[in-house]
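Number of protein chains: 2
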Amino acid sequence: MRVALLTHEAFPDEAKTAVGLLRYGDHEVRAVVDREFAGRRVADVLDGVQDAPVVASMDDVPEVDALIIGIAPIGGRFEESWRPDVRAALERGCDVVSGLHDFLADDPEFADLAAEHGGQLRDLRRPPDDLTVAEGTAGGVDATVVTTVGTDCSTGKMTVSFELRDAARERGLDAAVVPTGQTGVAITGWGLSVDRVVADYAAGAVERLVQTPEEKDLLIVEGQGSIVHPAYSGVTTSILHGSAPDALVLCHEAGRGTINGYESFSIPPLPAVVDLYDRLAAPVSDATVVAGALNTRHLDDGAAEQAVAGYAEAIDAPACDPVRNGVADEVLDAVV
Amino acid sequence: MRVALLTHEAFPDEAKTAVGLLRYGDHEVRAVVDREFAGRRVADVLDGVQDAPVVASMDDVPEVDALIIGIAPIGGRFEESWRPDVRAALERGCDVVSGLHDFLADDPEFADLAAEHGGQLRDLRRPPDDLTVAEGTAGGVDATVVTTVGTDCSTGKMTVSFELRDAARERGLDAAVVPTGQTGVAITGWGLSVDRVVADYAAGAVERLVQTPEEKDLLIVEGQGSIVHPAYSGVTTSILHGSAPDALVLCHEAGRGTINGYESFSIPPLPAVVDLYDRLAAPVSDATVVAGALNTRHLDDGAAEQAVAGYAEAIDAPACDPVRNGVADEVLDAVV
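Heads up: the sequence lines are chains A and B, in that order.
Sequential numbering from 0 applies to the first sequence in numbering that gives the first Met the number 0.
Sequential numbering from 0 applies to the second sequence in numbering that gives the first Met the number 0.
Structure (structure tokens):
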């Protein structure tokens, strides 16, 4: 599928969905639509991903099959300033794919345009209507289940999940990511945005997800949020218990001391976070934090190496920065 | 408000909402409508609650302002056999109040009758459409905020919340319950069924709830589920962090060793549950478990007294069974 990614005023740092699609997705990205970053190229700022031009609006996008909303703003609301580009894509007969909380298919103008021009509105966060409460059966999954957890949102849980998958596959293992957020869903084409599910059914949704893949060696469940996050800890807990994992990988961003966007809340010392995940998992599974992944994007190579070593010591487990250096052997050894 | 409570074939044991309203509500209950129990009185089977006659249908109900659905069946579906009474109430111009998953306002006949006769259809489980993520501001509430937590579902968190409110009021404090489930919402006439909210917004919903009451001394937040529950721990965590409490009261049922309906999951030793609540609360608030409430309904008086003493020792905090003996002074001292 040939796609354009809409990221207005957010590329690359705040456009997590777009960057994930560029790095791990199977789509051909023909343009990034960002009125602030327009005129440059993806390769100007990102290594090891698909390259594409960045343009100011849909008017400058070559022929594509779909426009994908590549931003996941806090709250998941649709920004009215994106309307002209969504309208233009639909008028060209393209599909529009969105992971927002606001469903595009519920917007009368978009629904009419899609019907008129033959495009589809695909709201990735719309949950199926047959979800129900967890039965407590996820522990029976044959594959080794590893759940990524974090000290905060946006610490790399999704990225680490895909890097672990790729490293496991290189070792010959039959591995899959279990996506729980709209970006992972957009990349893999299946899964559920667990944060959009009725709260009572969130663990049940995850339980169903981990029982879905046919891969028999390793399932890596994409975690969300953090158990120390004042807004998202409920979703984190639902994924932790709903996936009934065999092991946890703790994701953290080097140097981050407070919750992003909630700076009055400190991230507790790393050993306390590890301990809390281990204790909270215990009533449902035997999982403990067996490895760590550190996001060192703001550091130079020397500082990153030091930071990873310090992180491994703090969490008392092997660690790596899988984006900078790939998944370390001892990290993969620890999880499989 | 003068009300009738509909409980067909469920009064009293399966009519938790009706019994809660009779025990803790401010409404004047003029009749219970139960075709099976008709001809008797509430006082024949329940102590310490409002008395009212039980009648077979709305035809036998004196003048009231509202009919309240007093049953919360598993699944929350509307029973067609209740239709004649709901119809009759609307034809008399009464409001009809429901905590069912099936929304009465979406029923064309009921909507037409309400419009024609001037009554309102109030679906307590319908979440407002402007909910969003928590901002982390609940800690700024002036009142002392106490959240009830549990070792499992159905351990008495709602009941304990109302008993604490009443005991605090007897002491002259300006106290209110913050209801997070449909029964509490039906009793108080406000609140939100937090389990019905989109998972990402659950903590935000609770944050909004605790900022709503004007009572300035004590707010008791009704908890849900348990952090050791394989299906509901996410909702529990959202309430714990979204309410940013000053103190926790741990509710437990004497003798219960496994999660009800999930018997392969053990409830951890009580000191471990206390420790886990304290540690999980810590990133967001200073709350710890300061008191306990033990449900001893299956025990005789002597065994109950022993069980409460053992419970207080296990959780290392004052404890009582507020239903059997009222709220103990030292329990109220600990929370205010």
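Just so it is clear, CB atoms sit at the ideal spot from N, CA and C, and this is done for glycine as well.
Note to self: Restricting to Cα atoms, I'd like to know which of B/Arg34, B/Glu27, B/Met0 is closest to B/Ala9.
What the structure shows: B/Arg34
Check: What is the rounded straight-line gap between the Cα of A/Leu247 and the Cα of A/Gly291?
Finding: 9 Å
Next item on the list: List the residues of chain B that A/Ala202 touches, going by C-beta distances under 8 Å, in chain order.
Entry: Pro229, Ala230, Tyr231, Ser232, Gly233
Next item on the list: Measure the C-alpha to C-alpha separation of A/Val96 and A/Phe102 and round it to an integer number of angstroms.
Entry: 10 Å
Notebook entry, point to check: Are the CB atoms of A/Arg76 and A/Arg125 nearer to each other than 9 Å?
Noted result: no
Item checked: Residues that B/His228 bridges to, as DSSP identifies them -> The partner list for B/His228 (beta bridge, DSSP) is empty, contrary to what the question assumes.
Next item on the list: Determine the contact status of B/Phe353 and B/Gly19, defining contact as a CB-CB distance below 9 Å.
Entry: No answer is possible for residue 353 of chain B: the residues shown for chain B start at 0 and end at 335.
Next item on the list: Jot down the residue ranges of each uninterrupted alpha helix (DSSP H) in the segment 109-149 of chain A, minimum 4 residues, whole runs only, in chain order.
Entry: none
Notebook entry, point to check: Does B/His240 come within less than 9 Å of chain A when only Cβ atoms are used?
Noted result: yes
Next item on the list: Please check if any C-beta of chain A sits within less than 9 Å of the C-beta of B/Val193.
Entry: yes
Item checked: A/Ala185 - containing beta strand (DSSP E), residue span -> Careful: A/Ala185 lies outside any beta strand (DSSP E), inside the alpha helix (DSSP H) at 181-187.
Margin query: Suppose contacts are defined by Cβ-Cβ distances below 9 Å. Is B/Val60 in contact with B/Val54 by that definition?
Written below: yes
Item checked: Where the alpha helix (DSSP H) containing A/Arg164 begins and where it ends -> 156-169
Item checked: Boundaries of the alpha helix (DSSP H) in which B/Asn324 is found, first to last residue -> 321-324
Note to self: Can you pull the chain A neighbours of B/Phe381, defined as C-beta to C-beta under 9 Å?
What the structure shows: This structure gives no information on residue 381 of chain B, because the portion of chain B shown stretches from 0 to 335.
Notebook entry, point to check: In terms of residues, what are the limits of the beta strand (DSSP E) holding B/Arg1?
Noted result: 1-5
Notebook entry, point to check: Hey, would you say B/Asp199 sits closer than 9 Å to A/Ala87, going by beta carbons?
Noted result: no
Notebook entry, point to check: If we ignore side chains and look at the alpha-carbon of each, how far apart do A/Val144 and A/Glu108 end up?
Noted result: 43 Å
Note to self: Please list, in chain order, the chain A residues whose beta carbon lies closer than 9 Å to that of B/Leu279.
What the structure shows: Ile226, Val227, Ser232, Thr236, Leu275, Arg278, Leu279
Check: Since A/Glu221 contacts A/Met157 with CB under 8 Å, what's their CB separation in whole angstroms?
Finding: 5 Å
Notebook entry, point to check: Within this structure, are the beta carbons of B/Pro317 and B/Ala333 separated by less than 9 Å?
Noted result: yes
Notebook entry, point to check: Skipping 5 residues on each side, what residues in its chain have a beta carbon closer than 7 Å to that of B/Ala306?
Noted result: Ala253, Leu293, Thr295, Leu298
Check: When you compare only the Cα positions, how much space is there between B/Ser153 and B/Gly224?
Finding: 8 Å
Checklist line | Chain-ordered chain B contacts of A/Asp315 [CB-CB under 7 Å] | finding: The premise fails here: A/Asp315 is roughly 18 Å from chain B at the closest Cβ pair, so nothing lies under 7 Å.
Check: Name the chain B residues whose beta carbon is nearer than 8 Å to that of A/Val196?
Finding: Val197, Ala198
Check: At a CB-CB cut-off below 9 Å, which residues of chain A make contact with B/Pro270?
Finding: Neighbours of B/Pro270 on chain A: none; closest Cβ ~12 Å, over 9 Å.
Next item on the list: Measuring alpha carbon to alpha carbon, tell me which of A/Gly139, A/Arg29, A/Pro52, A/Asp12 ends up nearest A/Gly155.
Entry: A/Asp12
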